[in-house]
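These notes are about the structure you will find just below.
In the working numbering, the protein residues as written are 17 to 277.
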């Protein structure tokens, strides 16, 4: 941890230790798993009783003794207080009940205060399910097939959005190829989950300008890359392939944009 992260953690821990409603607290998130870096936020799991949860969240959202001032605080899923300080230090306080704490993986928690016996046991790691391939392929073809609509209307900004959707779906496909289940990576981490070749392909193709030819070329490049990878992957996984939809989309793009993919 950086000096700033350590100082913030110390300040948060002291405030929680002074609160009689808090039974225990743990450092979680990437820092709790020893996988964090200088850009990681400080995630703390806080054990409280159910009747105190909403009151605690309300108290910690406002000016609370011992806590830094906040420029943003919002509640996620009714139990996580996500906050940002004036110096753009980020922290999350997850207020969990004893029953909810049992579902946590103790291997990723470091005790900050309270009885060590309250720490949940390490969870047996079971490989997560991959994102289904079939719906991803059909949605890719559907968005791709809408390109002529944007071209016909001269909606270059809308078409840029469509290209971004296709790019996101290509990345999802790459993650399936690499056997990365949804939720197994942080929202702000991607590099480590792609191969060098995949990253090189994406980095070599920045978002296109809002111009007709550049946008059509971007659609074509994404489509060729996606389909070239998705077809053998579908065979490998035994997933059905929407042949009729693919053929119709190819004919549609050729007839409207003279585009072969």
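We put the beta carbon where it would ideally sit given N, CA and C, even for glycine.
In this text the structure is predicted, and so the values were computed from the model without any measurement.
First through last residue of the alpha helix (DSSP H) which encompasses residue 158: 149-161
Find the nearest neighbour of residue 92 within the set 101, 105, 112, judged by alpha-carbon distance. 112
I need the straight-line Cα distance from residue 157 to residue 208, nearest angstrom please. 28 Å
Contacts around residue 56, its chain only, beta-carbon distance under 6 Å, and the 5 residues preceding and following it disregarded: 46, 47
Straight-line CA distance for residue 147 to residue 88? 33 Å
Between residue 110 and residue 61, which are expected to be in contact by the criterion C-beta below 8 Å, what is the C-beta distance as a whole number of angstroms? 5 Å
Taking just the CA atoms, how far does residue 215 sit from residue 196? 15 Å
My output table needs one value for residue 56: the three-state DSSP class, helix, strand or coil. coil
May I ask you to verify whether the region 235-242 touches the region 175-185, counting CB pairs closer than 8 Å and requiring at least 3? yes
Residue 103 by DSSP, collapsed to three states: which one? coil
Going by C-alpha to C-alpha distance, which of 83, 260, 34, 73 sits closest to residue 27? 83
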